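Here the structure comes first, spelled out in structure tokens, and everything after it is commentary.
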Amino acid sequence: MREILQKVFSLSTKSDSRPKKGKHKSTGQSMVELALALPVILILFSGMVEFGFMLNYYLTLLDATREAARFYSNLDPFNADLSDNMDFYAGAAAMTKDQLEPRTVNDTSRKIVLDSAVDDVIVTVYSVSGSSVVSRPTSGPYHMFNNQTSVFTPAKLQSQLVSGAPCAGILLVEVDYNYHQVLALPWLAPFVPDPVLLRAYTIMPLSAAEPVCS
594 MREILQKVFS
604 LSTKSDSRPK
614 KGKHKSTGQS
624 MVELALALPV
634 ILILFSGMVE
644 FGFMLNYYLT
654 LLDATREAAR
664 FYSNLDPFNA
674 DLSDNMDFYA
684 GAAAMTKDQL
694 EPRTVNDTSR
704 KIVLDSAVDD
714 VIVTVYSVSG
724 SSVVSRPTSG
734 PYHMFNNQTS
744 VFTPAKLQSQ
754 LVSGAPCAGI
764 LLVEVDYNYH
774 QVLALPWLAP
784 FVPDPVLLRA
794 YTIMPLSAAE
804 PVCS
């Protein structure tokens, strides 16, 4: 019996001492797969980081238009003779710009500086009466730099009015900003343009522009 047991354990030991080729093969295959997948993972990860920066910029632009629209919705876009008060429009655009470029004592705050060559701030007032939409200033939307066009027109607003909509005054503040990538990684160029035009706007009720309806 002892001899039989010794032979069995001897065979088991020899079997265990064989080189485990399958394990080395599996490890090598995993390394190859990782090498193939790593560039794709890096592209996806860097794209998410860049998108996060872009989203942060967009939210800042949106907040700037919201602050300006909220403040100027309490003011009057008309002069005493009912002509356009251009200071109203210039002030709303300037406030939007100032919200993007805050000034501190040490001037260390993060800023979004508008480029006068490509960016723009647009301010428009609409008077809605039934199915009629009138935009002001009468000369067209106010542009700070005159580089972009408004995303809204009287015809577009009119097409979105529901039947029986009440008379209303509307203040529209828009900002167009060319976002330059923060990371500017070369492998993102085929997928994300640089710069990217970001457009943010806020629509606010403006009682001073509400027409008199019978």
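For the sequence shown, the working numbering assigns the number 594 to the initial residue and increments by one for each residue that follows.
Even glycine gets a Cβ: it sits at the ideal position worked out from N, Cα and C.
The structure presented is a predicted model; accordingly, all values stated were derived computationally and were not measured.
- Counted as a single uninterrupted DSSP element, the stretch harbouring M797 is not any alpha helix (DSSP H) but the beta strand (DSSP E) occupying residues 789-798.
- Counting C-beta atoms within 10 angstroms of its own C-beta, M688 has 16 or more neighbours from the protein chains shown and is therefore classed as buried.
- Within the same chain, no residue comes within 7 Å of S623 by CB-CB distance, once the 5 residues on both sides are set aside.
- Taking the Cα positions, L675 is about 27 Å away from V768.
- DSSP, read as helix, strand or coil, puts N739 in coil.
- Taken in chain order, the stretch 609-660 contains no complete beta strand (DSSP E) segment of 3 residues or longer.
- For P788, same chain residues with a beta-carbon under 6 Å away, outside a window of 5 residues either side, are N771, Y772, H773 in chain order.
- The stretch 678-715 is shown to contain whole alpha helix (DSSP H) runs of 4 or more residues at 679-693, in chain order.
- Under the 8 Å Cβ criterion, the stretch 780-798 counts as touching the stretch 651-661, having at least three qualifying pairs.
- Under the 8 Å Cβ criterion, the stretch 693-713 does not count as touching the stretch 749-762, having fewer than three qualifying pairs.
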